[in-house]
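Printed below as a string of structure tokens:
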């Protein structure tokens, strides 16, 4: 039986990633969560992240079960969060997705652990992320893994009524 591995995405992964994010978007929308739209994340975003070696996928054999972007870009709205670590370099987790058909199988935890290990190994002082405050499953997921809430921010460009996000961090 194939083991899970998290690797940098290649061009061959992009169609699968696009399809998986489409399914995740539908899954979230069915639960009243308008976190993603046609503008973000999109093919161009993933292509740029792949070219920058910032797009990672979780694979088991030839199947892809998750994707995430790890980079240093922070949205300007994050300036309103109360970050604990302000001196060291932050690593940011974006576009974190586990295929809806594989949710509950521990893949999200493995991916988040990979992001934490990657941050430590590469000299980052903290791992930061945000999630829509109405996505209670995601909020619990990060809290259970000892991420600290650092505040709520309002993200422009999100659908009306879905602009409020909770910022989280884990300091190393």
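Numbering (my numbering), first residue to last: 55 to 226.
Each residue gets a CB set at the ideal place from its N, CA and C atoms; glycine is no exception.
As the structure is a computational prediction, the values presented were derived from the model and not from experiment.
Check, Outcome
"Assuming residue 166 contacts residue 202 under a Cβ cut-off of 8 Å, what Cβ separation, rounded to an integer in Å, is found between them?", "14 Å between Cβ atoms; not a contact."
"Between residue 209 and residue 197, how many whole angstroms is the CB-CB distance? I'm expecting something under 8 Å.", "Not a contact, Cβ separation roughly 20 Å."
"Can you give the Cα-Cα distance for residue 136 and residue 128, rounded to whole angstroms?", "14 Å"
"Which whole runs of the alpha helix (DSSP H) in the region 103-187 are 4 residues long or more, in chain order?", "161-175"
"Mind checking whether residue 204 and residue 118 have CB atoms under 8 Å apart?", "no"
"What residue from 163, 191, 173 and 153 has the CA that sits closest to residue 76's CA?", "153"
"I'd like to confirm the pairing. Which residues does DSSP put opposite residue 205 in its beta bridges?", "221"
"Three-state secondary structure (DSSP) at residue 71?", "helix"
"Would you kindly work out how many angstroms separate the C-alpha atoms of residue 175 and residue 155, rounded to a whole number?", "31 Å"
"Drop a sphere of 10 angstroms on the beta-carbon of residue 108, count the other beta-carbons inside from all chains shown, and report buried for 16 or more, exposed for fewer.", "buried"
"Taking DSSP as the reference, what is the three-state secondary structure of residue 194?", "helix"
"Cutting at 6 Å between CB atoms, please list the residues of its own chain near residue 178, excluding the five before and the five after it.", "143 and 145"
"On the CB-based measure, 16 or more other CB atoms within 10 Å of its CB, does residue 170 come out buried or exposed?", "buried"
"Alpha carbon to alpha carbon, how far is residue 68 from residue 97? Give it in angstroms, no decimals.", "7 Å"
"Return yes when the Cβ of residue 72 is within less than 8 Å of the Cβ of residue 110, no when it is not.", "no"
"Please determine, among 56, 93, 121 and 162, the residue with the shortest C-alpha to C-alpha distance to residue 194.", "162"
"Reducing DSSP to helix, strand and coil, say where residue 58 ends up.", "strand"
"Output yes or no for whether 8 Å exceeds the beta carbon distance between residue 56 and residue 114.", "yes"
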